[in-house]
Amino acid sequence: MKLPQSPTLVLAPLLFLAVALLAADPALAAEAAASAVTAWWVWPLTLFAVTVLLGIVAILGGVGGGVLFVPIVSGFFPFHLDFVRGAGLLLALCGALAAGPSLLRSGMASMRLALPLALVGSITSIFGALLGLALPVNVVQTALGVVILAIVVLMLRTRGRSDAAQPKPDAISDALRLHGIYHDPALGKDIEWRARNTAAGLCVFAAIGVLAGLFGLGAGWANVPALNLLMGVPLKLAAGTSSFLLSVIDTSAAWIYLNRGAMLPMLVVPSCLGIMLGARIGARLLRVAPTRVIRRTVIALMVFAGTRALLKGLGI
Amino acid sequence: MTPDPAKGFVSDEQLRYAQWLDLGTRVGLVLLVASFALYVSGLVPPHIPVAELPALWVLPVDQYLAATGLQGGWSWLGQLRSSDMMNFAGIAFLSLVTVGCYLRLAASYLRNRDTACALIALAEIVVLVLAASGLVGVAH
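These protein sequences, in sequence, are chains A and B.
So the mapping is simple: the numbering used here equals the position in the first sequence, first residue as 1, plus 3.
So the mapping is simple: the numbering used here equals the position in the second sequence, first residue as 1, plus 581.
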């Protein structure tokens, strides 16, 4: 495939995304739902187009699809937040399931490291999902806005630690043998790693599980800093293990939404297919994309979507 | 062909898990796409006419269930003749892939007498099955 060489071509999806979001104005959506002026198929088709673009942007910006999908779709589409959160979880789950096999085979994800963290996160994500479905929608929407804006602050302030300095192990890490070696093809060498602060890591993953279930967000934005900065796992292994963790944590929360009836196939399927197609395109564009510009654009998009969710939740 | 240097550092359990995950995800996606194609093509009639969806998807889930006469949990299994309910087969399958992989994983750990990891894997299966069972937070 011939790749575009100009940053303008790479940034075109972002521009189209902004136009698509403006076209999906919620006031227009509510009017359309009430008067049935807009044909039903317009919404899943628009959703598919937007999620393809979100998939591209998410890969290029280094964030998960769910963290963009939930605030943007709940803010600019007519679907109720209950269904958007259910779709957000399944979308993150599909992405993680699709990426899982190659990450596990290449050793870029560690199952042994993920096992205890996934157990804690999957238990608390059930409580998060139950809480999210019990709370008034304006409270969840407001909290979503606050969380998205907090993630932006985290993204701006956090710098990954890519060195493989050997931290001191702890008793839990030793007992569970949370250490190993992986091969980094980019560096052409084997990297030894050892987890630390395991007790604190388990507590953080308990909180991450609640947020994932509550807001329907894939929690890659939180997993990677927790694994890398807190537990001392090398950045690449942290990113790969995070993706595998999502496939477990999001599964338990997704079941709560599914059993509650908060999954609409007309919303879920186009979103999952769109984000997976976008992620494949994004992965190809990654080599030529102006990553710094795109990352800033993603942050701007998240500020916009987070503010929108906050204002919508506050009824402003 | 040069041997993959990663293989030496990846446990057999992890490789088998990847194999099951790959297969399960492919089957789930095929189910999802096939059932959605039947749904939107109109070849099989849905439980809820698609033209009515724009008036329903704006509702909170409780009101949506009341308006459509649907129930939560696994009730969709009894309505698989409707194309919209068929989609839940793909969604549920994808949500069960991890459980199947963990069953395989727990068996491997038990065989290798890795008690700690086996117990964690078994506990994870209990959590996921509990979530999937509908015993927690299902709509009535």
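For each residue, glycine too, the CB sits at the ideal point set by N, CA and C.
Source: prediction; values computed, not measured.
{"Query": "Thr145(A) vs Gly316(A) beta-carbon contact at 8 Å", "Result": "yes"}
{"Query": "Any C-beta of chain A under 8 Å from that of Gln595(B)", "Result": "yes"}
{"Query": "Cβ contact (3+ pairs, closer than 8 Å) linking the segment 153–160 of chain A and the segment 221–240 of chain A", "Result": "yes"}
{"Query": "Gly135(A) versus Phe80(A), Cys275(A) and Arg263(A), residue with shortest Cα-Cα distance", "Result": "Arg263(A)"}
{"Query": "Short CB-CB distance (under 8 Å) between His83(A) and chain B", "Result": "yes"}
{"Query": "DSSP state of Trp196(A) mapped onto helix, strand, coil", "Result": "strand"}
{"Query": "Within chain A, the residues that Val608(B) reaches when beta carbons sit closer than 7 Å", "Result": "Chain A residues near Val608(B): none, gap ~11 Å exceeds 7 Å."}
{"Query": "For Gly183(A): DSSP bridge partner residues", "Result": "Trp196(A)"}
{"Query": "Simplified DSSP state of Thr41(A), which is helix, strand or coil", "Result": "coil"}
{"Query": "Chain A contacts from the segment 694–719 of chain B (Cβ-Cβ distance under 7 Å)", "Result": "Ala697, Cys698, Ile701, Ala702, Ala704, Glu705, Val708, Leu709, Ala712, Ala713, Gly715, Val717, Gly718 and Val719"}
{"Query": "Close beta carbons around Leu179(A), own chain, < 8 Å, minus the five adjacent residues each side", "Result": "Arg115, Leu118, Pro119 and Thr201"}
{"Query": "Three-state secondary structure (DSSP) of Pro584(B)", "Result": "Any answer about Pro584(B) is weak, because its pLDDT of 46 lies below 50 and its placement is not dependable; what the coordinates show is given next. Correct three-state label for Pro584(B): coil."}
{"Query": "Per-residue DSSP class, three states only, for Arg662(B)", "Result": "coil"}
{"Query": "Min CB distance Met266(A) to chain B below 8 Å", "Result": "yes"}
{"Query": "Exposure of Lys239(A), with buried meaning 16 or more beta-carbon neighbours within 10 Å", "Result": "buried"}
{"Query": "Of the listed residues Gly609(B), Leu602(B), Gln600(B) and Gly653(B), nearest to Leu716(B) (C-alpha basis)", "Result": "Gly653(B)"}
{"Query": "As assigned by DSSP and simplified to three states, the class of Leu25(A)", "Result": "With a pLDDT of 49 at Leu25(A), under the threshold of 50, the modelled position of this residue cannot be trusted, and the question is left open."}
{"Query": "Cross-chain neighbours of Met114(A) in chain B, by beta carbon under 8 Å", "Result": "Ser592, Glu594, Gln595, Tyr598 and Leu686"}
{"Query": "Within chain B, the residues that Ile129(A) reaches when beta carbons sit closer than 9 Å", "Result": "Val708, Leu711, Ala712, Val717 and Gly718"}
{"Query": "C-beta atoms of Thr254(A) and Ser616(B) nearer than 8 Å", "Result": "no"}
{"Query": "Ile252(A) beta carbon less than 8 Å from that of Gly212(A)", "Result": "yes"}
{"Query": "C-alpha distance - Val150(A) paired with Ala210(A), whole-angstrom precision", "Result": "13 Å"}
{"Query": "CB contact flag (Gly605(B), Gly681(B), <8 Å)", "Result": "yes"}
{"Query": "Member of Gly318(A), Leu304(A) and Leu314(A) whose CA lies at the smallest distance from the CA of Phe72(A)", "Result": "Leu304(A)"}
{"Query": "Partners in chain B for Val213(A), counting only beta-carbon separations shorter than 8 Å", "Result": "Here the premise fails: no neighbours, minimum Cβ distance about 14 Å."}
{"Query": "Exposure label - Asp177(A); buried when at least 16 CB within 10 Å", "Result": "exposed"}
{"Query": "Nonlocal neighbours in the same chain, by C-beta distance under 8 Å from Pro630(B), ignoring five residues either side", "Result": "none"}
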